[in-house]
Structures are given as C-alpha cells and as structure tokens.
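Number of protein chains: 2
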Amino acid sequence: MKIAVDAVGGDHFPAHPVQGAIMSLEEDPRLEIILLGPSNIIQEELNKHEYDESRLQIVDAPDIVGMDESPSRAVKTKPNSSIVIGLGLHKKGMCDAFVSAGNTGALMAASMFILGKLEGVNRPTVATYYPTVNGFRLLVDAGANLEVKPESLYQFGIMGEVYARVVMGIAQPRIGLLNVGEEPEKGTEILRDSYNLLSQCDHFIGNVEGRDIMPCKADVFVCDGLVGNLLLKLGESMVGAMQTLFGQSIKRNKITAEEQVTLVKVLSDAMSPFDPDNVGGLPFLGVNGISLVGHGSSSPRAMKNMIRNASRCVAHKLNDKIVASLKQ
Amino acid sequence: MKIAVDAVGGDHFPAHPVQGAIMSLEEDPRLEIILLGPSNIIQEELNKHEYDESRLQIVDAPDIVGMDESPSRAVKTKPNSSIVIGLGLHKKGMCDAFVSAGNTGALMAASMFILGKLEGVNRPTVATYYPTVNGFRLLVDAGANLEVKPESLYQFGIMGEVYARVVMGIAQPRIGLLNVGEEPEKGTEILRDSYNLLSQCDHFIGNVEGRDIMPCKADVFVCDGLVGNLLLKLGESMVGAMQTLFGQSIKRNKITAEEQVTLVKVLSDAMSPFDPDNVGGLPFLGVNGISLVGHGSSSPRAMKNMIRNASRCVAHKLNDKIVASLKQ
C-alpha cells in the first residue's frame, strides 16, 4: 500500500504533513509513503525526525498552491504542484491514494480533472464527518455541488452509505434526506423527487430534519452543497461557541478555581466528538481514485488519521463497492 | 393596545396560552387581551386563576386546528377556528395583533390570506431568533419560503433589519447573507444576485458563513427557508445534544455528586441563550398586520414574551417602518 501525501498543503506545512506521514509509517508496518512538494523543504523537515527511509520517498513538486487560490487556475497554471503531480502519480497507478490538507477547491477540481469520474457517477461529491451524540456520522455533499439534481442526491446517498459502512465501520448505515419535515411531500420539487429515487434503496429511512443530526437519527445525511457547507461550518464553530458560553457562565456563577479545573476537563471531553483531528480528512466520492482532503489546520494526528482512512478506502476496495451499489 | 391570543394553539392548550395571557396583563397595565377558542374550554381554564376581568375578553372560536393539519385546508375548512377568527378581528381593526403557538403552516397561510401583503413586499416571510454568544439574533427566512428569488432575499434582509432594530433593540443591525464563502462571487447565481441587491443597503456587511452565526458576526442572517429551517432545527437540538454529551463526559470522568451539581448549574446557565422561552415567538414579516407564531411547546413565559413582542411591534409601528425602508 503506497499513499501519496501533499507535504505542502494546509496551514502548517511542511511540519504537520511530514510528521503525520512518519506517524503513519509507525502505525502501519505495511505502508509506504510518497511525500510531495519542493524536495529541499521536505528534506529539511525530515532531517528533524527518525523514520524508516526504505518506506518513505520524496517526489519533487516545486510549485505550491495557496489556500485561497482559484481552484481551476491553480490546476491549469501549476502543473508542477504537489496536487497535480500527486494525483497524476495516482492516475498512473504509481500510488494507491492521494491525501492533502490543502486548498479544497483546487483538490476537488484536480481530482475531477485528473482522476475523472467513477463508472456510473453523475456528479462526484465531497462528504464530511459530522459530530453526533454517537460519534461522527457522514454528511454529503459538504460544499462541492451547490445546486444538484435528484439523481445526484440519490447517488450521494448511495456513495455515502458505502463509505460509512466500509471506511467508518458502521454496520448498516441509515440514509436520511435532509428536509424541512418528515413527510415525503415536504420540501422542494428536487427534494420530493430525490425522496422517490432514494426510496428504491433499502438503507433509506426517509426525510430527516435539522434536529435529527446531533441525536444521530441517521448515519448518512444527504443534502446539497449549500446546505451541507453551512451546516458543516456551523458545526465546526460549535466548540468555540461553547467555550465562550461556558466562560460567560463561569463568570456569572462565581466558580472556584478548583471547580473550574473540573469544568474545563468535562467540557473539553464532552466536546471531543467535535474535534476535527479525529476526523482524518473528507473523502471525494465518485472520482476514479482515492483522494481525501483534510482541514487546513490539520494537526500531525489529523494527517495520520487521513492517511489511515485513505488506506482503508484502498484495502476495502471502496470504489468497486460504490460502482456495484450504483448498479443495483 | 389589544392583543388577540390563540387559547387553543400549541401542545399545552389551554393552560399555557391562558396563563401567559394573564401574566401579560400583570406585566403591562395598558394591555387588553382577547382569548380565542371554544369558550367553555377557556372559561374553565380561567376559573383556575385570578385576573383583571375588565381587560380580558373571550371570543368563541369552536373549531380547533390540529398541529399536523394541512395549512391550506385548515384555513379553508375551519372558518370558526381561533386562527381564522383571530386574524379576521385583526384585519377588521378590532385588535392590534394576533399571536398563537399553533400550527405554523396554518398561521402563515392564514396570515397571508386574511391580512394580505404589506405594500411593496414581494414575499412575506417568517423570521426566527437564533442563539449566538451575544444573545439572540435574527435568521430569516425560517422555513416559509423554500425557494426564493434575489428580490425576496433582499427584502428579507431589509425587513429583518427593521425588526431587529425596532423589536429586538439592536442599535445598528448588520445584515449578512449566508453563503459558502465571503467573496461576492461565491455561491449560486441567486446568492450572487442577492449580494448585489443587498449591497445597496448600508446595513449589509456581505456574505457570512455557517461558522459566523454562533460568534454573532451579523445581527440578521439572510437565507432561503430550506437552509433557515435546517439551521433553526439544528440550533434547537443543541441543548439536548449538549446535555447528552455532558452526561457521557461526566460518566467517563468520574465526577463527584457535589461537582455534578456545580456542573449542571454552569451547563444550564451556559445554554440559557438557547432557551426558546426567551424568544417569545417568531414574527411573520411582510404581512399587512402583526402576527406572531410561537413554538408548539411554548411555556406560559414564552407566551407572555410573545405577547410582549407583538405589543412592541404595534407600539413601534413596525410595519410603517418596513414600508419606509423598502421604499428607500
């Protein structure tokens, strides 16, 4: 198993990607890693660490894609970037997957452009992990497709179900369509048509509402990318908001310093399901390859978890299973 | 000032609406209340309380609209319901506002049908209060208009700004358009066109993202009703989810009974901004009258707060100010 890792993606490159890659090698003895980026930068970072050199290779990719660069332009004008070279290696079969904490838009565009679509897929999508009281579940689309047709929402559900089962280890993932009410006739025409299409699928439990996400009433929440992106970012802001609200409450309630220590411990543990480090990257589903993107702020542990998820996609033949599910 | 109150709306009628009405009379000595519903049910409930009879009148409305009834059918087939009679009295000028904790859809339909649209308004809307670290702010549309044109999103912003200023007491409300990124070119064509229209307005601060809601980066968050309804219900589920997550954390961390008491106090106080009782009803904006709808589970205090908000709308001439703002 060989995974290509973007060493110059995200807000903390090359330190976090390089450290995450080394942690992955330690965790999985069968793993090999390709690090992509300007080789001098990578080598300098690697010199700070001890690692199994026989399983880690540098591929020089001198161009760096900025976090705010226009996705389509970055792909076209930077053929020597880690993203374009890494996905190209994957396309040629020289590695099994590509992961990056870089520019999500550029990664989506490059994954689509270089890897192409998987057989039978209408629109590839990006899924995201969403925190619930039972741990992370899947929300799809997370922002790649702002406007979608019913056929695409249907496929998002199918692809999400396979990912949740194969990679997240959820035994019988339930697909729910995010809507303004439970009844089949609720929502827009697109949602009603999507409901009808999804009804063909055994895993579909019907419409679910905004209030059903946190209590984990489904395992795969299907929506368009506008809704998904807004919900995703609201969820991401929750930890900070809770810290502020608790800080305000602690002040109002004159809590002793000792009690505060306990409170902070319980609070941070309670909010741990929201920790993006536990997620390990968002998968592009429906592309003809394995490509994952991590949060720009990915820690070394987040990078390691993303590499592990990519490795699971490969080991469990995610894409073969998606193609088979879409044919049913 | 005379406010008509639906005595048979919500999950706890007639107890909560009746008790809330009596609390309002105690709070505001200039207020008069009309209670609408089957008069025997209301009288029986009133007999349990002491109140100023000179300021409380019953109007018999024998039909009851169920919480799950089809809105349009309820309005057509139940002319003797509290909703239809109450809004009719308001239309005729026999009261200054109508409030109910009943079926939101039926109330929206009846408010539109009976009161009509306010001068210059494209599509009336329902706004909702949304919890932030600085207290409640406004989210509009909350589910009335699932698909909207840019002109409507523009008007939602304008109407929301007036409501936030006049009724919520926010000095210079900032309007933000919910989108997937800050740049004007982000999002769908509808969002880009809405951005351009809203740019005419001094109060518009541009696009805001899902992560900007809780930290209160705007005071009026503008979106379509599908997004608004999903965000609203996600927000409503947050208190329960936090309680569950904290319960799990308390168990894992072996907290003493004494520490638990402090924790529960701090938690419930921290989550108080999410308390729907503090909200006091969601306003229909853009109808030619004052009509507010409360949560089905509204407590007496929530009913009282809704009556107070309705009274503020009347006292501050909300609709005159909306018409003036739309003309600018």
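Listed in order, the protein sequences are those of chains C and W.
Its first residue numbered -10, the first sequence is counted upward by one per residue in my numbering.
Its first residue numbered -10, the second sequence is counted upward by one per residue in my numbering.
Ideal placement from N, C-alpha and C gives every residue a C-beta, glycine not left out.
Residue i - DSSP class collapsed to helix/strand/coil
i	result
Arg163 of chain C	coil
Ser141 of chain W	helix
Val169 of chain C	coil
Ile279 of chain C	coil
Arg19 of chain C	coil
Gln46 of chain C	strand
Tyr119 of chain W	strand
Val312 of chain C	helix
Asp182 of chain W	helix
Leu135 of chain C	coil
Gly94 of chain W	helix
Pro51 of chain C	coil
Ile194 of chain C	strand
Phe210 of chain W	strand
Asp57 of chain C	coil
Phe102 of chain W	helix
Asp320 of chain W	Absent from the structure is residue 320 of chain W, since the part of chain W shown begins at -10 and ends at 317.
Phe87 of chain W	strand
Leu107 of chain W	coil
Ala(-4) of chain W	coil
Pro6 of chain C	helix
Length of the line joining the Cα atoms of residue i and residue j
i	j	result
Gly132 of chain C	Glu248 of chain W	42 Å
Val209 of chain C	Arg154 of chain W	40 Å
Phe235 of chain W	Lys254 of chain C	11 Å
Lys240 of chain W	Asn134 of chain C	41 Å
Glu33 of chain W	Met203 of chain C	41 Å
Leu128 of chain W	Ala116 of chain W	6 Å
Val250 of chain C	Asp258 of chain C	12 Å
Val303 of chain C	Glu16 of chain C	17 Å
Ser28 of chain C	Asn267 of chain W	58 Å
Arg126 of chain W	Asn298 of chain W	14 Å
Asp41 of chain C	Leu35 of chain C	11 Å
His305 of chain C	Glu174 of chain C	37 Å
Ala95 of chain C	Gly(-1) of chain C	12 Å
Gly165 of chain W	Ala(-4) of chain C	36 Å
Asn294 of chain W	Gly109 of chain W	29 Å
Leu76 of chain C	Leu104 of chain C	7 Å
Ser300 of chain W	Met227 of chain W	30 Å
Ser61 of chain C	Val197 of chain W	23 Å
Val64 of chain C	Ile(-8) of chain C	21 Å
Asp201 of chain W	Leu221 of chain C	12 Å
Pair within 8 Å by beta-carbon distance, residue i and residue j
i	j	result
Leu315 of chain W	Gln144 of chain W	yes
Ile296 of chain C	Ala10 of chain C	yes
Ile74 of chain C	Leu25 of chain C	yes
Pro139 of chain W	Leu186 of chain W	yes
Ile311 of chain C	Leu20 of chain C	no
Gly285 of chain C	Met56 of chain C	yes
Leu219 of chain W	Leu167 of chain C	yes
Cys190 of chain W	Asp130 of chain W	no
Gly275 of chain W	Thr114 of chain W	yes
Ser363 of chain W	His79 of chain W	Because residue 363 of chain W is not part of the residues shown, which for chain W are -10 to 317, the question remains open.
Ile244 of chain W	Leu252 of chain W	yes
Gly158 of chain W	Val169 of chain W	no
Gln46 of chain W	Ile23 of chain W	yes
Pro265 of chain W	Ala246 of chain W	no
CB contact below 8 Å: residue i versus chain W
i	result
Ile11 of chain C	no
Met101 of chain C	no
Ala230 of chain C	yes
Arg163 of chain C	no
Glu225 of chain C	yes
Lys254 of chain C	yes
Lys138 of chain C	no
Val122 of chain C	yes
Gly132 of chain C	yes
Gly146 of chain C	no
Thr117 of chain C	no
Lys222 of chain C	yes
Phe125 of chain C	no
Any chain C beta carbon closer than 8 Å to residue i
i	result
Phe193 of chain W	no
Asp344 of chain W	Absent from the model: residue 344 of chain W. The displayed extent of chain W is -10 to 317, so no value can be given.
Ile72 of chain W	no
Gly176 of chain W	yes
Glu171 of chain W	no
Met203 of chain W	yes
Glu58 of chain W	no
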